[in-house]
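Visitor: Using this note's numbering, you'd call the opening residue of the sequence shown number -2 and step up by one each time. A single structure is presented below for examination.
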Amino acid sequence: MSDPHLPPPRFRNGLRELLSKRSLSRIAWRRKRHAHSPAVLAAIVDDVKAYAPDHIVLTGDLTNFATPEEFAAASVWLRELSPPQGLTLSPGNHDALTGVSGADRFTPWADWLGDEGESFPYVRRRGPVAVINLCSALPTAFYLAQGELGASQLERLGAILQAAGREGLYRMVLLHHPITVGMVSWRKSLVDAAPLRETLRRHGAELVLHGHAHAPTIAMTAGPAGAIPVLGAPSASSGAHGRHPAARWHGLEIERDGAGFSTRVVARGLTADGGIEELGRYVLA
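This is the structure we're talking about:
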């Protein structure tokens, strides 16, 4: 699941806040806040819990303005959703709206980032699955919502993919921003998507998951032995009649299949009458 955009606590109107990107984002939020429904998000969460997954992955944008108050509120929400060992979080651009760069800004969420690694990419091993958690979130200038991984993160990713591949693990790569061309506009893009695609082409992965586009998407990127599926989820709080597709989440049922794996996707989400039900299921090649 992705992009819950939790309701923000009361905004502090200090001078520093008024002169920051948060102030302009607050104006934009007033226009689109009704597109994100706490009731819809609560229904999605209840549905996820009823599905009883072995592990939950969440690809960012818990907050809207990245304030300390939002980080604290999101920590409470995360703990209610799942114990840290049961959920991996990849931060989004809204979670890094302003302030300093670097992974330290996500210290309040450290327990949900990963088990292995001192910084991104973090790794979690759950059965035959290696959850490889990237961070594309960083502060940007006004009007931009771009992401970037950076050379150091990409270099470490290559080594992790190679090692996990040798172990025969299912390599599930998480980040917030889409990696394929044309999924979002330039101002919302991952600026080093091409180097990431090249890393995946050389070392391989079984699946890439992302959010950010607020739409359910399926794409492919090249791997060393064939195409790698790239799956995007819409906002988990999006209403049924808004500008973006309605809230949805994906159940990923992964099984060993000979020397490889089979991945069945169960799509569940909001219907026009406000209920949550299965929308379809398919197998990723």
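Cβ atoms here follow ideal geometry from the backbone N, Cα and C, with glycine treated the same way. Fair warning: this is a prediction, and the values are worked out from it, not measured in the lab.
#1: Looking only at its chain, what residues have a beta carbon closer than 7 Å to the beta carbon of Val54, apart from the 5 residues adjacent to it on each side?
#2: So for Tyr279, helix, strand or coil by DSSP?
#3: Examine the Cβ distances between the stretch 221 to 229 and the stretch 133 to 150 and report whether three or more of them are shorter than 8 Å.
#4: May I ask which residues mark the beginning and end of the alpha helix (DSSP H) holding Arg123?
#5: Using 8 Å for Cβ pairs, my map puts Pro88 next to His173. What's the rounded Cβ distance?
#6: Inspect the beta-carbon positions of Thr214 and Gly236 and report whether they are closer than 8 Å.
#7: What whole-angstrom Cβ distance do Ala264 and His238 have, given they're in contact under 8 Å?
#8: How do the stretch 63 to 77 and the stretch 177 to 187 stand: do at least 3 beta-carbon pairs fall below 8 Å, yes or no?
#9: Beta-carbon within less than 7 Å of Glu152's beta-carbon, same chain only, minus the 5 sequence neighbours each way: which residues are those?
#10: Roughly how many angstroms lie between the CA atoms of Glu252 and His33, to the nearest whole one?
#11: Pick helix, strand or coil for Ser149, following the three-state DSSP scheme.
#12: Whole angstroms is fine: what's the gap from Arg76's alpha carbon to Gly57's?
#13: By the three-class DSSP mapping on this structure, what secondary structure does Ser72 have?
#14: Report yes if the CB atom of Asp101 is closer than 8 Å to the CB atom of Pro81, and no otherwise.
#15: Pull up the distance between the alpha-carbon of Pro4 and that of Gly255, whole angstroms please.
#16: In angstroms, rounded to a whole number, what distance separates the CA positions of Thr177 and Leu166?
#17: Can you list, in chain order, the residues of its chain with a C-beta nearer than 7 Å to that of Leu131? Leave out the 5 residues immediately preceding and following it.
#18: Just the Cα atoms here: how many angstroms apart are Arg123 and Pro50?
#19: Measure the C-alpha to C-alpha separation of Met180 and Glu164 and round it to an integer number of angstroms.
#20: Unbroken beta strand (DSSP E) runs of length 3 or more, entirely within the stretch 164 to 203: which are they?
#21: With burial defined as no fewer than 16 other Cβ atoms inside 10 Å of the residue's Cβ, what is the status of Ala243: buried or exposed?
#22: Please report the straight-line C-alpha distance between Gly162 and Arg240, rounded to a whole angstrom.
#23: Answer with buried or exposed for Ser234, where buried requires no fewer than 16 other C-beta atoms within 10 angstroms of its C-beta.
#24: Nearest CA to the CA of Thr260: which residue from Ala202, Ala40, Leu197?
#25: My output table needs one value for Glu66: the three-state DSSP class, helix, strand or coil.
#26: Under the DSSP definition of a beta bridge, which residues are partnered with Met217?
#27: Less than 8 Å separating the beta-carbons of Asp0 and Ser232?
Guide: Let's see:
#1: Looking up residue 54 in the sequence shown gives position 57. Taken in chain order, the residues that qualify are Thr85, Val128, Leu171, Leu206.
#2: Counting from 1 along the sequence shown, the entry for residue 279 is found at position 282. Three-state DSSP puts Tyr279 in a strand.
#3: These segments do not touch.
#4: Working through the sequence shown from its first residue, we reach residue 123 at position 126. In the DSSP assignment, Arg123 falls outside any alpha helix (DSSP H) and lies within the beta strand (DSSP E) extending over 119 to 123.
#5: Counting from one through the sequence shown, the residue named residue 88 turns up at place 91. Counting from one through the sequence shown, the residue named residue 173 turns up at place 176. The beta-carbon separation of Pro88 and His173, rounded to 7 Å, stays under the 8 Å limit for a contact.
#6: Position 217 of the sequence shown, counted from the first residue, corresponds to residue 214. Position 239 of the sequence shown, counted from the first residue, corresponds to residue 236. No, they are not a contact pair.
#7: As a working note, residue 264 is residue 267 in the sequence shown. As a working note, residue 238 is residue 241 in the sequence shown. About 19 Å; that fails the 8 Å criterion.
#8: Cβ pair count under 8 Å is below three, so no.
#9: Locating residue 152 in the sequence shown gives position 155, counting from the first residue. Hits under 7 Å: none found.
#10: The residue given as residue 252 occupies position 255 in the sequence shown. The residue given as residue 33 occupies position 36 in the sequence shown. Taking C-alpha positions only, Glu252 is separated from His33 by approximately 34 Å.
#11: Within the sequence shown, numbered from 1, the residue matching residue 149 stands at position 152. DSSP, read as helix, strand or coil, puts Ser149 in helix.
#12: What you label residue 76 is simply residue 79 of the sequence shown in a count that begins at 1. What you label residue 57 is simply residue 60 of the sequence shown in a count that begins at 1. So the two alpha carbons sit approximately 15 Å from each other.
#13: The count along the sequence shown starts at 1 and reaches residue 72 at position 75. Assigned with DSSP and collapsed to three states, Ser72 falls in helix.
#14: Taking the first residue of the sequence shown as 1, we reach residue 101 at position 104. Taking the first residue of the sequence shown as 1, we reach residue 81 at position 84. Their beta carbons are not under 8 Å apart, which means Asp101 does not touch Pro81 by this criterion.
#15: On the sequence shown, position 7 is the one that residue 4 refers to. On the sequence shown, position 258 is the one that residue 255 refers to. Rounded to the nearest angstrom, the two C-alpha atoms are 45 Å apart.
#16: Position 180 of the sequence shown, counting from 1, holds the residue named residue 177. Position 169 of the sequence shown, counting from 1, holds the residue named residue 166. Each residue's alpha carbon lies about 24 Å from the other.
#17: As a first step, residue 131 is located in the sequence shown; it is residue number 134 there, counting from the start. Result list for Leu131: Ser87, Phe117, Pro118, Leu146, Gln150, Leu154, Val170, Leu171, Leu172, in chain order.
#18: By 1-based counting over the sequence shown, the position of residue 123 is 126. By 1-based counting over the sequence shown, the position of residue 50 is 53. Looking at the two C-alpha atoms, the distance is approximately 12 Å.
#19: The residue labelled residue 180 in the question sits at position 183 within the sequence shown. The residue labelled residue 164 in the question sits at position 167 within the sequence shown. Each residue's alpha carbon lies about 32 Å from the other.
#20: As far as the stretch 164 to 203 is concerned, its whole beta strand (DSSP E) runs of at least 3 residues are 167 to 171.
#21: As a first step, residue 243 is located in the sequence shown; it is residue number 246 there, counting from the start. So Ala243 ends up on the buried side.
#22: Residue mapping note: residue 162 aligns to position 165 of the sequence shown, counting from 1. Residue mapping note: residue 240 aligns to position 243 of the sequence shown, counting from 1. Looking at the two C-alpha atoms, the distance is approximately 40 Å.
#23: In the sequence shown, the residue the question calls residue 234 occupies position 237. Residue environment analysis places Ser234 among the buried positions, since at least 16 neighbouring C-beta atoms fall within 10 angstroms of its C-beta.
#24: Here the question's residue 260 lines up with position 263 in the sequence shown. For the set Ala202, Ala40, Leu197, the Cα lying nearest the Cα of Thr260 is the one of Ala202.
#25: Locating residue 66 in the sequence shown gives position 69, counting from the first residue. Shown here, Glu66 sits in a helix according to DSSP, grouped into three states.
#26: As a working mapping, residue 217 is identified with position 220 in the sequence shown. Looking at the DSSP assignment, Met217 forms a beta bridge with Pro226.
#27: Counted from its first residue, the sequence shown places residue 0 at position 3. Counted from its first residue, the sequence shown places residue 232 at position 235. Yes. Within cutoff.
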